[in-house]
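J.: Have a look at the structure that comes next, please.
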Amino acid sequence: MSHKDRAILSYRKAKAIGLAYDMTINDILSLTPKFWQLHGDPMVLLDGAAMTLLTIQYNLCAGTLARYAMRRPELVSLVEDLLRYRKHGQFMLTELGHGLDISNMETTATLQPSGDFLLNSPTPSSAKAMPPTAPAGLPCVAVVFARLIVDGEFRGHRPFVVPLNDGRQMCTGIQSRLLPFREGPNPVMHSLTTFHNVRLPRSALLGSLPRPLDNHANLMDIIHRVSIGTMAIGCVPLSSMQACATIGAMYSLRRKIGSPTKPVPVLAFRTQHGPILTVTASAYVTQALQRWGIAQFCDKTLDPRVRHGIAAVFKSVMVQLSQQGSMHVSERCGAQGLFAHNQMTRVHSEIRGLAIAEGDVLVLSIRLINELLLGRYALPPSTNPDSLLARHEIALFAELRAIAAESPNHRSEEVSRRVLPRCQPMMEAIGHRMAYDAAVAQGVRPALVDLFVANALQFDAAWYAECAGVGRAQMQAMQESAMDRVLPILGELVAEMDVFAYVSAPIVSDERWGAFVEGLATFEGTAHVDALEPAVQAQPEMVRSHL
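FYI, in the working numbering the residues of the sequence shown are 407 to 953.
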């Protein structure tokens, strides 16, 4: 199929998955277990584009509208249309020239004497970037964020309900330019979208006209579904880790070396099973982190900033470990690991996109660590403060705090040079500790926890050697001991993951591989080698003539 046809098919898959969950407005607003189960569904392994469309539709678009529907009952039918997939929904916040600098967006919604609004993209850099707005068979409506202008005065940012297309054609004044498809992941019709004197009724405004007391606080409030998306998207990589462990283990059992009479599965070698065991341990430990993180995120008694911080930490660790796992296991599958039909490279490409969606991990880390250094709030402390990972977290934070204390302010050149580059490793260190605490509390097998710790040490081996007295030999011994205990139960662990139904890679079995080869384009003929000999013999003369 062409990229575009595959992209359209992903809309149909998204609808099928969404309807199977029978999501309600209460599920969206209350963040019920069903909401989180959707974002952790292994179906993402078969079509990451469908999951992208689903989380935009349900969390960002329907979720934003559902909040306002509590005060505006006329919006309930629109939310129901989105949940039942009678319409497509989009969320249009980021602009081409501003990225995560959303407070400086340029799109304007200007109140007219008639009471209507005119929606405009005043410059090329104000084009809304990425949301797939091109017609895809169903009418599409979007939540569009813009600068509210009343009587020439900027009154903060507001979301507006904007019909984009009828499923076949764009609405008047709205232009959607289809970006080239990303190579690697399942295709999505990402676009650049601009508005030119698009007239909106007063009812399109979500919110009120008066200027808010605090423009920044208002902006953070109206985009609150993004922070929910940070946590929700963080759930997706778990399936990728489970799939890589499953594919790697099954392929490595099937692939054998040695004489035909005494073949040896490549899984027997430490270089082969090491990455598979590591991603397996990561999957089990981060699954515990996911359970703990969702419970914390849904605890309304916690400071919202703390909840968002936990979501950011959770997402960063899930992205880090899933990218590590997919890359290392893919490499151990040799040439077979390079092909998208064996899923692992596609999974890696999908996770790269997730790392940016709903908050780029690096930018999330800069914001979080700076706020922690300023003492604006604190994340939950370790329940195992004497563990290696907790000691690492505490020491790194103390180092950054000392640098910040020497600087005139948190925006100084000194902070930019010495603190910002260390924010992401700092956030990941917090995540490693949180994952460890969650795994210990939930009774994850000790061998898996030990292997997770041994892997985490590798991300900052110098610190553990210099400051914790864990030398290279000890680190290797810790890793070897944990792997020796995990290897005998690898089959059991893979079975418990229960994602084989979503694994489409043909390299996992002889039967699948045979069927795959039978379906390949085949070239056969009756040409004779003798017919090629004159051309071969003439070649030296041709070379001499050119010289």
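From the three backbone atoms N, C-alpha and C, an ideal C-beta is built for every residue, glycine too.
1. Cβ of glutamine 463 within 8 Å of Cβ of glycine 503?
2. In whole angstroms, what is the alpha-carbon distance linking leucine 598 and leucine 760?
3. State the start and end residues of the unbroken beta strand (DSSP E) segment that holds valine 632.
4. Can the beta-carbon of alanine 638 be found less than 8 Å from the beta-carbon of valine 905?
5. Compare the beta carbon distance of valine 550 and leucine 525 with 8 Å and say whether it is the shorter of the two.
6. Can you tell me whether alanine 921 is buried or exposed, with buried defined as 16 or more other CB within 10 angstroms of its CB?
7. On the premise that serine 771 lies in contact with glutamine 830, defined as a C-beta separation below 8 Å, what is that separation, rounded to the nearest angstrom?
8. In terms of DSSP beta bridges, what is glycine 925 paired with?
9. Give a yes or no on contact between the region 526 to 543 and the region 564 to 575, applying the rule of three or more CB pairs nearer than 8 Å.
10. Mark glycine 454 as exposed unless 16 or more other C-beta atoms lie within 10 angstroms of its C-beta, in which case mark it buried.
11. Tell me, to the nearest whole angstrom, how far the beta carbon of valine 556 is from that of leucine 517; I am working on the premise that it is less than 8 Å.
12. Can you have a look at lysine 706 and say buried or exposed, based on whether 16 or more other CB atoms are within 10 angstroms of its CB?
13. Is it right to say phenylalanine 566 is buried, meaning 16 or more other beta carbons lie within 10 angstroms of its own, or is it exposed?
14. Given that a residue counts as buried once 16 or more other Cβ atoms are within 10 Å of its Cβ, and exposed if not, what is threonine 600?
15. Report yes or no: do three or more beta-carbon pairs, one from the region 681 to 700 and one from the region 717 to 728, lie closer than 8 Å?
16. For histidine 504, name the three-state secondary structure that DSSP assigns.
17. Quick one: measure Cβ to Cβ for alanine 862 and histidine 838, integer angstroms, because I've assumed they're closer than 8 Å.
18. Starting from the Cα of alanine 655, find the closest Cα among Asn432, Leu452, Val672, Pro787 and give me that residue.
19. What do you reckon, are the CB atoms on alanine 687 and methionine 903 nearer than 8 Å?
20. In the structure shown, what three-state DSSP assignment does histidine 934 receive?
21. How far does the beta strand (DSSP E) with arginine 851 in it reach, from first residue to last?
22. Beta strand (DSSP E) containing cysteine 739: first to last residue?
23. Under the three-state reduction of DSSP, which class applies to leucine 489: helix, strand or coil?
24. Nearest by alpha-carbon distance to threonine 718: which of Glu756, Glu737, Gly680, Leu778 is it?
25. Which residue wins for smallest C-alpha separation from aspartate 890, given the options Arg676, Val935, Cys704?
26. Report yes if the C-beta distance between glycine 635 and glutamate 764 is below 8 Å; otherwise report no.
27. Can alanine 394 and glutamate 501 be called in contact, C-beta distance under 8 Å?
28. Classify alanine 542 as helix, strand or coil using the three-state DSSP reduction.
29. Do serine 520 and leucine 459 count as a contact pair if the criterion is CB distance below 8 Å?
30. Please report how far the alpha carbon of isoleucine 431 lies from the alpha carbon of arginine 758, in whole angstroms.
31. In whole angstroms, what is the alpha-carbon distance linking glutamine 768 and leucine 484?
32. Which partner residues does leucine 554 have in the DSSP bridge list?
33. Report the CB separation of glutamate 799 from isoleucine 836 in whole angstroms; it is logged as a contact under 8 Å.
34. Name the two residues that bound the continuous beta strand (DSSP E) containing serine 614.
35. Would you check if the distance between the CB atom of serine 910 and the CB atom of leucine 452 is smaller than 8 Å?
36. Excluding the 5 residues flanking alanine 468 on each side, which residues of the same chain have their C-beta closer than 7 Å to its C-beta?
T.: With the structure as the only source:
1. For the purposes of this step, residue 463 is taken as residue 57 along the sequence shown, with counting starting at 1. For the purposes of this step, residue 503 is taken as residue 97 along the sequence shown, with counting starting at 1. It is not a contact, given that the beta carbons lie outside the stated cut-off.
2. Here the question's residue 598 lines up with position 192 in the sequence shown. Here the question's residue 760 lines up with position 354 in the sequence shown. The straight-line gap from Cα to Cα measures roughly 19 Å.
3. Within the sequence shown, the letter at position 226 stands for residue 632. Per DSSP, valine 632 lies in no beta strand (DSSP E); the unbroken alpha helix (DSSP H) holding it starts and ends at 630 to 640.
4. By one-based count along the sequence shown, residue 638 stands at place 232. By one-based count along the sequence shown, residue 905 stands at place 499. Not a contact, by the Cβ cut-off of 8 Å.
5. Residue 550 sits at position 144 when you count from the first residue of the sequence shown. Residue 525 sits at position 119 when you count from the first residue of the sequence shown. Against a cut-off of 8 Å, the Cβ pair of leucine 525 and valine 550 comes out as a contact.
6. On the sequence shown, residue 921 is found 515 positions in, with the first residue counted as 1. Exposed, because fewer than 16 other Cβ atoms sit within 10 Å of the Cβ of alanine 921.
7. One-based indexing of the sequence shown puts residue 830 at position 424. One-based indexing of the sequence shown puts residue 771 at position 365. So it is a contact: roughly 4 Å between Cβ atoms.
8. Taking the first residue of the sequence shown as position 1, residue 925 is located at position 519. Looking at the DSSP output, glycine 925 sits in no beta bridge, so it has no partner there.
9. yes
10. Translated into positions along the sequence shown, residue 454 becomes position 48. Burial call: buried.
11. Along the sequence shown, read from residue 1 onward, the residue named residue 556 stands at position 150. Along the sequence shown, read from residue 1 onward, the residue named residue 517 stands at position 111. Right, the Cβ-Cβ distance comes to about 5 Å (below 8 Å), so this counts as a contact.
12. Along the sequence shown, one-based indexing puts residue 706 at 300. By the neighbour-count rule (16 or more Cβ atoms within 10 Å), lysine 706 is not buried but exposed.
13. Sequence index remark: in the sequence shown, residue 566 carries index 160 (1-based). So phenylalanine 566 ends up on the buried side.
14. Position 194 of the sequence shown holds residue 600. By the neighbour-count rule (16 or more Cβ atoms within 10 Å), threonine 600 is buried.
15. Yes, they touch.
16. Numbered from its first residue, the sequence shown carries residue 504 at position 98. The answer is coil: DSSP assigns histidine 504 none of H, G, I, E or B.
17. Here residue 862 is taken as the residue at index 456 of the sequence shown, counted from 1. Here residue 838 is taken as the residue at index 432 of the sequence shown, counted from 1. Going by Cβ atoms, the distance from alanine 862 to histidine 838 rounds to 4 Å, so yes, they are a contact pair.
18. If you number the sequence shown from 1, residue 655 lands on position 249. Looking at the Cα atoms, Val672 is the closest of the given residues.
19. As a working mapping, residue 687 is identified with position 281 in the sequence shown. As a working mapping, residue 903 is identified with position 497 in the sequence shown. Result no, Cβ atoms of alanine 687 and methionine 903 do not sit closer than 8 Å.
20. For the purposes of this step, residue 934 is taken as residue 528 along the sequence shown, with counting starting at 1. Here histidine 934 sits in coil by DSSP.
21. Along the sequence shown, read from residue 1 onward, the residue named residue 851 stands at position 445. It is not in any beta strand (DSSP E) - arginine 851 carries neither H nor E in the DSSP assignment.
22. As a working mapping, residue 739 is identified with position 333 in the sequence shown. Where cysteine 739 is concerned, there is no enclosing beta strand (DSSP E), given that its DSSP letter is neither H nor E.
23. Here residue 489 corresponds to residue number 83 of the sequence shown, with the count starting at 1. Correct three-state label for leucine 489: helix.
24. Here residue 718 refers to the residue found at position 312 of the sequence shown. One detail in the question is off: residue 718 reads as alanine in this sequence, not threonine. For the residues Glu756, Glu737, Gly680, Leu778, the minimum Cα distance to alanine 718 belongs to Leu778.
25. For this step, residue 890 is matched to residue 484 along the sequence shown. When only C-alpha atoms are compared, the closest one is Arg676.
26. In the sequence shown, counting from the first residue as 1, residue 635 sits at position 229. In the sequence shown, counting from the first residue as 1, residue 764 sits at position 358. In this structure, glutamate 764 lies closer than 8 Å to glycine 635 by Cβ.
27. The question about residue 394 has no answer here: the residues shown for the chain are numbered 407 through 953.
28. Counted from its first residue, the sequence shown places residue 542 at position 136. Judged by DSSP in its simplified three-state form, alanine 542 adopts coil rather than helix or strand.
29. Position 53 of the sequence shown holds residue 459. Position 114 of the sequence shown holds residue 520. Not closer than 8 Å, so no.
30. Taking the first residue of the sequence shown as position 1, residue 431 is located at position 25. Taking the first residue of the sequence shown as position 1, residue 758 is located at position 352. If you take the alpha carbons of isoleucine 431 and arginine 758, they lie about 30 Å apart.
31. Working through the sequence shown from its first residue, we reach residue 768 at position 362. Working through the sequence shown from its first residue, we reach residue 484 at position 78. First, the residue type needs correcting, since residue 768 is leucine and not glutamine in the sequence shown. Spanning the two alpha carbons is a distance of roughly 35 Å.
32. Your numbering for residue 554 matches position 148 in the sequence shown. Ala515.
33. Position 393 of the sequence shown, counting from 1, holds the residue named residue 799. Position 430 of the sequence shown, counting from 1, holds the residue named residue 836. Between isoleucine 836 and glutamate 799 the Cβ distance is about 5 Å, and since that is below 8 Å, they are a contact.
34. Mapped onto the sequence shown, residue 614 falls at position 208. No beta strand (DSSP E) holds serine 614; DSSP gives it neither H nor E.
35. Reading the sequence shown from its first residue, position 504 is the one you call residue 910. Reading the sequence shown from its first residue, position 46 is the one you call residue 452. Against a cut-off of 8 Å, the Cβ pair of leucine 452 and serine 910 comes out as a contact.
36. Counting from 1 along the sequence shown, the entry for residue 468 is found at position 62. These residues qualify, in order along the chain: Ile434, Val485, Leu488, Leu489, Gly495.
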